[in-house]
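> Using our numbering, the letters of the sequence shown map in sequence onto residues 559 to 845.
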Amino acid sequence: MTHLLRLRSKYLPRMEKGCFGILFLCCRQKKNASPSRALAVTQRLMILLLAGVAALIGSADGRLIHPAVSKLPPQMVWAWERPEDLRWLPDDVGVAYLAVSIELRGSKTVVRPRRPPVLMRDHTAQVPVIHVDPLWHPSPRLTPAQREVIVSQVLGAVPLANRGVVQLDFEARRSQRVFLAEVVEQIRQRLPREIALSMTALASWCAEDYWLADLPADEFVPMAFRMGSDDRAVRAQLARRGRFFRQRCAAAIGSATDEVSIPGRALRHYHFSPAAWTPELWSRTAP
C-alpha cells in the first residue's frame with residue numbers, strides 16, 4: 559500500500575495536468591466544431607489519456623515499464639547457436655540472439671562467446687542473450703567468483719544491444735534460486751539505468767511455482783515450451799485465462815515452432831526454432 563501511495567503522489571499531478579489539458583482541448587473543439595466532430599476528437603483524446611496513464615503506471619502490480627522494453631517489437635525471434643541469416647526479417651520483428659554461453663562446472667566457469675555468424679540488418683532490434691548452463695555433474699559451487707563472471711558477461715553485452723535491452727537465460731534448479739536472485743540483483747544494480755534487463759523464466763515459475771515477484775528484472779519471458787510434466791497444466795491455464803495470471807509474467811511469452819501453438823496472449827511474443835530460421839518458416843510462425 560505504501561508503494562502505491564508513493565506512486566500516486568509522484569504521478570497523480572502529471573495525470574491531473576493531462577486531464578485538464580484534455581478538457582481544455584475538448585471544450586475548444588466543441589466551441590469551434592460540429593457536435594459529431596467534437597465527439598470524435600474527444601474520444602481520440604481520451605484514448606491518448608488512457609495510453610498515457612498506462613505508460614505511467616506500467617503494470618497492474620504498480621511497477622513501471624522500462625522505456626527500452628516498451629520500445630521492443632511485439633514479435634521477436636530467438637537465434638540460437640547456429641549460423642543464421644536474418645536479413646530478410648520484416649522491419650517489425652526483432653532478434654534475441656545467443657551472444658555468450660556460460661557453463662558452471664564445480665567451482666569452474668567456462669565462457670564461450672558465440673562462434674556461428676548471425677547476420678541482421680543494422681536497424682533490426684537486437685537483444686544479446688547470455689545463456690547460463692549449470693551442469694549437473696560436477697554440480698556448480700555457485701561461488702561469488704562465478705556470480706561475478708555472469709554479471710560481467712551481461713554488462714559486457716550492453717554495446718551489442720541496439721535497443722538498450724539485454725537478456726539473461728538461466729534455467730536454475732530450485733536449489734540455485736538464491737544464487738540466481740543474487741545475480742539478477744547485481745546485474746540490475748550495475749547496469750546503466752537506460753539499459754533494460756530481460757529474463758527468461760520456466761513456465762512453472764509463472765504459474766503455481768511463482769517466486770519471481772521481487773526480482774528486479776525489467777521483463778520476464780515465460781517459456782511455454784519444453785515444459786515436461788507441467789505442459790498440460792500450463793496449457794490449460796493459458797486456454798482458460800488467455801495469459802499467465804502472474805502480473806510480472808503477463809507482458810511476454812515464449813513458444814517453439816515445433817510444438818502445438820499455445821493459446822496465450824502477450825504484448826511481446828518470442829519465438830524459438832530448433833532449426834535455422836527461413837522466410838518460409840517465419841511465414842508459418844508469424845501471427
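Even glycine gets a Cβ: it sits at the ideal position worked out from N, Cα and C.
Mind checking who glutamate 777 pairs with in its DSSP beta bridge?
Beta-bridge pairing links glutamate 777 to Ser756.
> Report back the beta-carbon spacing between alanine 761 and valine 792 to the nearest angstrom; my notes put them in contact at under 8 Å.
At roughly 5 Å, the Cβ-Cβ gap stays under 8 Å, so alanine 761 and valine 792 are in contact.
> Does chain C have any CB closer than 8 Å to the CB of valine 651?
Absent here is chain C; the protein component of the structure consists of one chain.
> Compute the Euclidean distance between the alpha carbons of arginine 826 and tyrosine 768, then round it to the nearest angstrom.
Distance between the alpha carbons of arginine 826 and tyrosine 768 is about 20 Å.
> What are the complete alpha helix (DSSP H) segments, minimum 4 residues, inside the stretch 686–723?
Qualifying alpha helix (DSSP H) stretches, in chain order: 702–714.
> Measuring alpha carbon to alpha carbon, tell me which of Ala765, Met781, Ser813 ends up nearest glutamine 795.
That would be Ala765, whose Cα lies nearest to the Cα of glutamine 795.
> Helix or strand or just coil, what does DSSP make of alanine 794?
Three-state DSSP puts alanine 794 in a helix.
> Would the beta-carbon of alanine 626 fall within 8 Å of that of valine 723?
For alanine 626 and valine 723, yes; Cβs fall inside 8 Å.
> Taking DSSP as the reference, what is the three-state secondary structure of glycine 786?
In this structure, glycine 786 counts as helix in the three-state DSSP scheme.
> Quick check on the DSSP output: the beta strand (DSSP E) that includes alanine 814 runs from which residue to which?
Run containing alanine 814: 810–814, per the beta strand (DSSP E) assignment.
> Among Arg842, Thr836, Ala844, whose alpha-carbon lies nearest the alpha-carbon of tryptophan 646?
The option with the nearest alpha carbon to tryptophan 646 is Thr836.
> Between which two residues does the alpha helix (DSSP H) harbouring proline 625 extend?
Run containing proline 625: 625–628, per the alpha helix (DSSP H) assignment.
> If you follow the alpha helix (DSSP H) that tryptophan 840 is part of, which residue opens it and which one closes it?
837–843 is the span of the alpha helix (DSSP H), which, as asked, contains tryptophan 840.
> Whole angstroms is fine: what's the gap from aspartate 776's alpha carbon to arginine 699's?
Each residue's Cα considered, the two are about 27 Å apart.
> When you compare only the Cα positions, how much space is there between phenylalanine 783 and proline 750?
C-alpha separation (whole angstroms): 32 Å.
> Go ahead and pull the three-state DSSP assignment for serine 762.
Three-state DSSP puts serine 762 in a helix.
> Under 8 Å, with one C-beta from each stretch per pair, do the stretch 668–676 and the stretch 643–660 reach the 3-pair mark?
Result yes; three or more Cβ-Cβ pairs closer than 8 Å.
> Based on DSSP bridge pairs, tell me the residues matched to arginine 663.
Lys666, per the DSSP bridge assignment.
> What does a CB cutoff of less than 6 Å around proline 821 pick up in its chain, not counting 5 residues either side in sequence?
Correct list, in chain order: Leu796, Ala797.
> Would arginine 850 be called buried (16 or more neighbouring beta carbons within 10 Å of its own) or exposed?
Residue 850 lies beyond the range of the chain shown here (559 to 845); nothing can be said about it.
> Name, in chain order, the residues that DSSP records as bridge partners for proline 671.
Partner(s): Val658.
> For the alpha helix (DSSP H) containing phenylalanine 803, list its first residue and its last residue.
First-last for phenylalanine 803: undefined, no H or E at that position.
> I'd like the span of the alpha helix (DSSP H) that includes arginine 735, first residue to last.
Segment 735–748, the alpha helix (DSSP H) holding arginine 735.
> Taking the beta strand (DSSP E) that valine 635 belongs to, which residues open and close that run?
Per DSSP, valine 635 belongs to the beta strand (DSSP E) from 633–637.
> According to DSSP, is arginine 732 helix, strand or coil?
Of the three classes helix, strand and coil, the one that applies to arginine 732 here is helix, per DSSP.
> Going by DSSP, which residues form a beta bridge with valine 653?
Beta-bridge pairing links valine 653 to Val635, Gln684.
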